[in-house]
Amino acid sequence: KTRNEVLSDTSLKFKAEKQRSAKTVRDTSELHDIYSDNRHPELIEPLTEWRTEQYMTQNVPAYCILTQKTLLGIADACPSTKEELLAVSGFGKAKWDKYGPEILDLISVFLHRQRQD
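Under our numbering, read the sequence shown as residues 1001 to 1117, first letter to last.
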């Protein structure tokens, strides 16, 4: 690689890390206010945290895991079955094969904790 290519790669990596570290976790009550039109706004945070883990591990943009619209659709629908999850706009068979059972487990654990509180 040329010097400029190396500097460009390093600059892009630094910029991506800086953007990731600048993101802050919002207070749950603040999320509830922002997404008040969503039927399950409290589910948005765990889904977002899961997506963040996925895109950082896979080193891809967040929208490659789930778009924000799809993530919000999942939170709104709060699916408990494969069919319900597949009915969410933007969540097709490929996403099911890659993430479906894991997302349903996340929702199940979340709902279980909600019932205990």
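All C-beta atoms in this analysis are idealised placements derived from N, C-alpha and C, irrespective of residue type, glycine included.
A distance of 9 angstroms or more separates the beta carbons of Leu1106 and Pro1061. If you look at Ala1077, you'll find it in the alpha helix (DSSP H) that goes 1068-1077.
In the structure shown, the three-state DSSP call for Phe1091 is coil.
DSSP places Pro1041 in the helix class (H, G or I) of the three-state scheme. Ile1065 sits away from Leu1085, with the two beta carbons spaced by 9 angstroms or more. Only residues of its own chain outside the window of five on either side were considered, and among them Leu1071 have a CB closer than 8 angstroms to the CB of Thr1048, listed in chain order.
Rounded to the nearest whole angstrom, the C-alpha separation of Asp1037 and Leu1043 is 13 angstroms. Residue environment analysis places Val1109 among the exposed positions, since fewer than 16 neighbouring C-beta atoms fall within 10 angstroms of its C-beta.
If the five residues before and after Val1088 are omitted, its C-beta is found closer than 8 angstroms to the C-beta atoms of Thr1070, Gly1073, Ile1074, Ala1077, Pro1079, all from its own chain and listed in chain order.
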